[in-house]
Every structure is written in C-alpha cells, then in structure tokens.
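Visitor: My structure is below; once you've seen it, I'll send some questions.
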Amino acid sequence: MADKILAKDKLGDFLGKLQADYEVYAPQEVEGKPQWAPVEESDKVLWDFSNTHTSPKDFFFPQTEIMMRFKNVQDHENGMVMEAEPPLANKRLLFNIRPCDAKAFQVLDLIFVQDEMTNDLFWKDKRDKTTLVGLACSDPCPSCFCTSMNCGPASTTGLDALVFDLGDKLLVRALTEKGEAVAEGLDDAAEADQAAAEEQTKAAEAQISSSVGMDKVNERSVMELYEAGMWDRVYENCLNCGTCTYVCPTCHCFDIQDETQGESGRRVRNWDNCMSWLFTMHGTGHNPRGAKKDRVRQRFMHKFKYIPVKRDGEIGCVGCGRCVLLCPVNIDVRRVVNDMNA
Amino acid sequence: MRNTYVPYPVRIKKAEVATEDKQLKTFLLEFINEQEGEDFNYIPGQFAELSVSGYGEIPIGIASSPTEGNDLLFTVNKVGSVSTQLHNMNEGDIMGVRGPLGNSYPLSEMEGKNIVIVAGGFAVTTLRSTMIWLLDPANRSKYGDITFIYGARTPGLLLYEEEWRQWRESGQANVNITIDREAEGWDGLVGFVPTVCEEVAPKPDNAVALICGPPVMIRFTQPVFDKLGWQPEQIVMSLENRMKCGIGICGRCNVGPEYVCKDGPVFTKAHLDQLPKEY
Chain A
13 MADKILAKDK LGDFLGKLQA DYEVYAPQEV EGKPQWAPVE ESDKVLWDFS NTHTSPKDFF
73 FPQTEIMMRF KNVQDHENGM VMEAEPPLAN KRLLFNIRPC DAKAFQVLDL IFVQDEMTND
133 LFWKDKRDKT TLVGLACSDP CPSCFCTSMN CGPASTTGLD ALVFDLGDKL LVRALTEKGE
193 AVAEGLDDAA EADQAAAEEQ TKAAEAQISS SVGMDKVNER SVMELYEAGM WDRVYENCLN
253 CGTCTYVCPT CHCFDIQDET QGESGRRVRN WDNCMSWLFT MHGTGHNPRG AKKDRVRQRF
313 MHKFKYIPVK RDGEIGCVGC GRCVLLCPVN IDVRRVVNDM NA
Chain B
77 MRNTYVPYPV RIKKAEVATE DKQLKTFLLE FINEQEGEDF NYIPGQFAEL SVSGYGEIPI
137 GIASSPTEGN DLLFTVNKVG SVSTQLHNMN EGDIMGVRGP LGNSYPLSEM EGKNIVIVAG
197 GFAVTTLRST MIWLLDPANR SKYGDITFIY GARTPGLLLY EEEWRQWRES GQANVNITID
257 REAEGWDGLV GFVPTVCEEV APKPDNAVAL ICGPPVMIRF TQPVFDKLGW QPEQIVMSLE
317 NRMKCGIGIC GRCNVGPEYV CKDGPVFTKA HLDQLPKEY
C-alpha cells in the first residue's frame, strides 16, 4: 500500500471511524504526564511528547492479571473447577505508540510465545487483537539511545503502521494487513511528503547523541561478563527499588499468587522484579541471588547477554531511556553497558 | 488451544508420611479426566507444578515412572505454605497438576552405557523414576551395568525402601544404600555418600553418572569422581531454583541464560561449569 496522507484537522473523523471497530488508546496528558488513555476527544491526543511516562506493556501484560478462577467443590464430579480467564472481547488500537515500545513487544513475543508449552495465551490473545500505529520520533530526548539497540526513531519492527507528524498533516505508512485496514480510504501521499518524512527521520537519528557499544559484550562469554570487576561499582548505589523494571517496556518478570474468598478464588499474576530479595529465595532459606550485587548484575546480564544468547542476538532493551530518567540514584544503563563493553 | 497455566484436576489416591521426621510425604495422584492422564507424557527427570487452589503452586520432581501407568507419584518436603497445606490434605481430596515441565535425563543418549546413579536425601525422587524406567524389561537391555548409590542420615529417612530392596533382589542393579551413622537394626552400609562412592569406585569408561543431592553432598562427591577419571561431560545433575511459571518466562529460576524450569532442570557438569553458580 502506498503511503497515505491525513490532514490533522480530520483526525477526529479518522479516529471516530476506527472507534467503530476498535477501542482506541493514545498518549494524552494525565495528571500532568504523558500517559496512555482511551481516546475521547481527538484534540487531547498528544503530538509533542518524547514518550509516555510508563511503557504501554500493561496493555498486553497488565500489572495485575487474573489467570484463572477456581472454586472448591469437592462433591462436583470434577472436584474443583479451574477456569482460565476468557479472552479479550474487543479489538484494540494503540495510536501514537513510539517505535521503541513497539520493538519491545516484538522482543517479548519471542519470550512469551516460544513453543507448544511456552505459549502464553494471555499475552498472545492481546497481541493478536491489538493494532499498533506508531508515531515516528522527530525530537528524541537526551536519554534516548534506540539507535544502539537495533531500533531507531522510525523503526518499524512490531508496528502495523507508522505515522510521521508533518505539522498540519500526517503521513501514514501501512506496514502490515492490520495497518492497511487502518489506512484504507486515505489519500495517497505526495512525493514531497515522503521526502519530508525521510528528512525528519534523518534529523532525528542525528539528534540521538548517546551511543552504546555491544560488540565486545557479544564476543565475551557469559562467565567473562559475569565475573567482571565493574559490578562491584555498579551495584553500590542501587536501592533495589525496582523502578527501572516497572517502567521498562521489556521487563517481564512476574509472580503468581492465589487470592481467595470463601470457597472461590482467583489466581493472579503480578509484575515482579529481579531486584527483590524474595524473588529467588528457596523454601529452605537459601538464596541464589542473595546479595544486591547479584540482583543488579542479573538485570543487566539478562537484557544484554542472556536474552541475546538465547534469542538470536535480540537485545532485551530498546533504548527508550525511561530507566535513565527515573532511577532515583542515577544509575545509567548506557554507562553500565559501555562498562560491560569496555 | 489449551492454556498451559491451567492445571489438570487430580485426586489424591494415596498420601503417606514417608520419613520418620514427618517432613516428607508421598502422594499418588490420579487424573480425574482419564484422557488427560493418557496425554501427560513425561520422561524421568521432568517435574510438575503441584497446584493447591487458594495456596499456590510448587515445582516438584516426578517420582513415578511413565512405565508405572498414568498415576503420578510425588514426595514433598514440608517447607512453605503450599507444601504445608498439601501435607494437611487427605486421600480423596482434589488438587491440580501442571506439566510435565522441563527437560529430562538424557535417557536415549545414555543407551549402551553403564549408568551410575548417586542420590542424597530426598533428591532421590526423579532418580527413583529413572531407576524404575531403566529396570523396566522394555528398557533394561539397552543399558550396561547400573550402579545405584543412595544415602540418608538415618534409616528412617530413606525413601522408597520397598523399591530399592526389590532392585537389589532382582540382581538387575548394584544397589548401595548407606546411612550417615550406625543405627540400631541397620545392617547395611554406614558412611557419607562420597565415601561410599569412593569404595564402590564406579569406572568412567563408557559410563554416565546422574548425581542429585544437597550441595554439601555434591561438593564432596565431585572430587571422588574427578579422582576416578570422570569427565564433566559424563556427569549429569538436576538443579532446583524458585519457580513460578515453570515454562521459561517469569524470570527467577535462571542460571545465566538457562532457565532451570525449561532448559533444565537437568544439566551436564560440563554445561554448569560455563554458568554462574546461581543455584
């Protein structure tokens, strides 16, 4: 499908039409921060924002999610009723998702859906029923380092369509069938508009000032990186607060807990984080990652060595920079990786 | 498609206190839906999540062998809230099983070789499964000599006595059972597992060793095998770590890039030598 053009003042009609088929969400100002919210008025949709405060991963991997409901009925022929939560009822569309966040979901697809046994239907159902329309970055912030992480301001991986903000109009590039369904009916873009989009991307790429090297990280063995002396310095400031894991679009560790009321209850999964001491503690009290250093090292090794080793070089980081901005003690992932790569 | 997080309902067919300290209880579980039992295809070395609704799930090695039919055997140590609740449950009660999970012992690669099995304490569970499987008439002829070395602190802490006595009587395996210190009424071997390994001195030629036990046993058994000339590639171990999902996603049981729940729990010593000791 050729690139399409949409006048910005027609956005309300465009999104209104989509709302007949999808629940439409977009970054809007909520409590003074750019955050994901259902679109009610199209003029509330943000265009001038670096990225949302937290990642949109909870659309697919909610902070708390019911996995199944159970009921103890010992006299029932089945003894106990255990039923998985029903699938998502409606199709969803995330409008103006940043390319880095979309890329994160493609990485997570490789982890949540691996084979017949490792086939997380909760994740897959929501992914299948959601269309991602990206917004190319024209003004990356100083904490962005996507271009070092197999990604970029106009990266298309994981997206169904990509929108370029050209001021009073939008260039809409469909990338998949789902994306074509969104762009259908729009007018073709002029060559000048396409050129403007390319220019914008080049300028955005040039504006990304931080770079992170991965070449030596890739070459070195797991044990060489694991035993590096740098970890003794990195962990010292860390509070193990877990903020980095909650705001990270690729962090996906979870806990499973049962909640009951009377004879019935539900099994839920909650975001968990590898910074927590309890995360790995055995029933016996033995803890394989009992020291703070072990846990801090785990987070970086997981993203930059373990995932690449297991997933054909994919990195468990997309360079969105949220952890850089929100870490209360200023641990900078770029510096950590550069130290790993030194 | 079936949701792998939803357990199969099972009924507790038999629940028996297994050791004198009452810390271990053995459960025989029967599938409520027969077809699910038929389809639960597992190999010795694999584990399952035992699921007690309202309490949670625990990963436990499968102690039965698929050659014994569809019922599943588990021996559970009472340590946390799920295992304590499980110990309080009775025959006839309903619970759930999710699995089979993890890889298994490399039984097909072990064909044609002599097998040495070393177990300490209640780590013997999946090795019981392996022994039953190996000694099954359909499988026994595919393997060479089988040596079984198993130790516990006291006679009352030894599991599966009926089974190992039978293995010994059958003459199909060289069975060595030991306890830590002399005890009244015990006329078998006395001494720690590493010492017994030294005495039995299994030869490394064309052989594979499966070694499972508490860290202290592993630490002292390893040098014995090293001295006998065993190579790290010949030594197979099974790891335990805290788990939740059991299918390689939730992020806590990893040892370096390997998830104990999915890539393990069974690893060769050679492989473990390349990984952090986070277990």
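Chains as they are written, first to last, in this note's numbering: chain A, 13 to 354; chain B, 77 to 355. All C-beta atoms, glycine included, are put in the ideal place defined by N, C-alpha and C.
Excluding the 5 residues preceding and the 5 following residue 252(A) in the sequence, name in chain order all residues of the same chain whose CB lies nearer than 8 Å to its CB.
Guide: So the qualifying residues of the chain are 287, 288, 289, 304, 307 and 308.
Visitor: With a cut-off of 7 Å, does the C-beta of residue 123(A) fall near any C-beta of chain B?
Guide: Interface residue, yes.
Visitor: Is residue 34(A) helix, strand or coil by DSSP?
Guide: Correct three-state label for residue 34(A): coil.
Visitor: If distances are taken between C-alpha atoms only, which option among 208(A), 193(A) and 187(A) comes closest to residue 180(A)?
Guide: Checked all of 208(A), 193(A) and 187(A); the closest Cα to residue 180(A) is 208(A).
Visitor: Classify residue 228(B) as helix, strand or coil using the three-state DSSP reduction.
Guide: DSSP places residue 228(B) in strand when its eight states are reduced to three.
Visitor: If the criterion is Cβ atoms closer than 7 Å, does the pair residue 251(B) and residue 240(B) meet it?
Guide: Against a cut-off of 7 Å, the Cβ pair of residue 240(B) and residue 251(B) comes out as a contact.
Visitor: Looking only at DSSP bridge pairs, what is residue 136(B) linked to?
Guide: For residue 136(B), which the question treats as bridged, DSSP gives the partners 124(B).
Visitor: Who pairs with residue 334(B) in a beta bridge, going by DSSP?
Guide: Paired residues: 331(B).
Visitor: Go ahead and label residue 95(B) buried or exposed: buried means 16 or more other beta carbons lie within 10 angstroms of its beta carbon, across all protein chains shown.
Guide: Per the 10 Å Cβ criterion, buried.
Visitor: List, in order along the chain, the chain B residues whose C-beta lies closer than 9 Å to that of residue 301(A)?
Guide: Near residue 301(A) (Cβ distances below 9 Å), the residues of chain B are 328 and 354.
Visitor: Can you find a CB in chain A that lies within less than 7 Å of the CB of residue 81(B)?
Guide: Closer than 7 Å: yes.
Visitor: My parser needs the beta strand (DSSP E) runs of 3 or more residues fully inside the segment 180 to 261 of chain B; what are they?
Guide: DSSP runs (the beta strand (DSSP E)) wholly in the segment 180 to 261 of chain B: 190 to 196, 222 to 228 and 250 to 255.
Visitor: Can you confirm whether residue 69(A), when its beta carbon is compared against all beta carbons of chain B, has any partner nearer than 7 Å?
Guide: Taking Cβ atoms only, chain B never reaches closer than 7 Å to residue 69(A), which makes this a no.
Visitor: Taking residue 233(A) as the reference, which of 119(B), 306(B), 105(B) and 332(B) has the closest Cα?
Guide: Residue 233(A) has its Cα closest to that of 332(B), out of 119(B), 306(B), 105(B) and 332(B).
Visitor: Can you tell which of 281(B), 152(B) and 215(B) has the C-alpha that lies nearest to the C-alpha of residue 133(B)?
Guide: Ranking the options by Cα distance to residue 133(B), first place goes to 152(B).
Visitor: Output needed for residue 225(A): all residues of its chain with C-beta closer than 7 Å, excluding positions within five of it in sequence on either side, in chain order.
Guide: Hits under 7 Å: 350 and 353.
Visitor: Judging by CA-CA distance, which residue of 232(B), 299(B), 242(B) and 244(B) is the nearest neighbour of residue 30(B)?
Guide: With chain B represented from 77 up to 355, any question about residue 30(B) goes unanswered, as that position is not in the structure.
Visitor: Report yes if the C-beta distance between residue 27(A) and residue 67(A) is below 7 Å; otherwise report no.
Guide: No, the pair does not count as a contact, with Cβ atoms beyond the cut-off.
Visitor: Give me the subset of the segment 296 to 323 of chain B whose CB atoms are less than 8 Å from a CB atom of chain A, sorted by chain position.
Guide: Against chain A - using a Cβ distance shorter than 8 Å - the residues of the segment 296 to 323 of chain B are 316, 317, 318, 320, 321 and 323.
Visitor: Should the segment 185 to 204 of chain B be called in touch with the segment 281 to 297 of chain B, which here means at least 3 C-beta pairs below 8 Å?
Guide: Short answer: they touch.
Visitor: Quick one: grab the DSSP three-state call for residue 112(A).
Guide: Three-state DSSP puts residue 112(A) in a helix.
Visitor: Shortest alpha-carbon distance to residue 154(B) belongs to which of 148(B), 146(B), 165(B) and 144(B)?
Guide: Minimum Cα distance to residue 154(B) is reached at 165(B).
Visitor: Pick out whichever of 326(A), 190(A) and 120(A) has its Cα sitting closest to the Cα of residue 33(A).
Guide: The candidate whose alpha carbon is nearest that of residue 33(A) is 190(A).
Visitor: Could you list the residues in the segment 135 to 167 of chain B with a C-beta less than 8 Å from some C-beta on chain A, going in chain order?
Guide: Of all residues in the segment 135 to 167 of chain B, 153, 155, 156 and 159 have a Cβ within less than 8 Å of some Cβ in chain A.
Visitor: At least one CB of chain B closer than 7 Å to the CB of residue 80(A): is that the case?
Guide: By this cut-off, residue 80(A) is an interface position.
Visitor: Under 7 Å between the Cβ atoms of residue 314(B) and residue 208(B)?
Guide: Their beta carbons are not under 7 Å apart, which means residue 314(B) does not touch residue 208(B) by this criterion.
Visitor: Spell out a yes or no on whether the segment 149 to 163 of chain A and the segment 293 to 304 of chain A are touching, meaning 3 or more CB-CB pairs, one atom from each, closer than 8 Å.
Guide: Flag = no, the segment 149 to 163 of chain A and the segment 293 to 304 of chain A do not touch.
Visitor: For the segment 315 to 336 of chain A, enumerate the residues whose C-beta is nearer than 9 Å to any C-beta of chain B, in chain order.
Guide: The segment 315 to 336 of chain A vs chain B, Cβ under 9 Å: 317, 318, 319, 320, 321 and 322.
Visitor: Distance cutoff 7 Å, beta carbons only. Does residue 113(B) sit that close to anything in chain A?
Guide: Not an interface residue.
Visitor: Candidates 120(B), 234(B) and 232(B): which alpha carbon is nearest residue 342(B)'s?
Guide: For residue 342(B), the nearest C-alpha among the options comes from 120(B).
Visitor: Roughly how many whole angstroms lie between the Cα atoms of residue 327(A) and residue 40(A)?
Guide: Answer to the nearest angstrom: the Cα atoms are 29 Å apart.
Visitor: What whole-angstrom Cβ distance do residue 205(B) and residue 259(B) have, given they're in contact under 8 Å?
Guide: About 27 Å; that fails the 8 Å criterion.
Visitor: Can you confirm whether the segment 156 to 163 of chain B touches the segment 210 to 217 of chain B when touching is taken to mean that 3 or more C-beta pairs between the two stretches lie within less than 8 Å?
Guide: No: fewer than three Cβ pairs fall under 8 Å.
Visitor: Note down, in chain order, each residue of its chain lying with its Cβ closer than 6 Å to the Cβ of residue 136(A), except the 5 sequence neighbours on either side.
Guide: The residues are 125.
Visitor: Have a look at 302(A), 262(A), 210(A) and 158(A) and flag the residue whose alpha-carbon is nearest the alpha-carbon of residue 71(A).
Guide: It is 262(A) whose Cα lies nearest to the Cα of residue 71(A).
Visitor: Quick one: is residue 182(B) near chain A, going by C-beta distance under 7 Å?
Guide: No, because no Cβ of chain A sits closer than 7 Å to the Cβ of residue 182(B).
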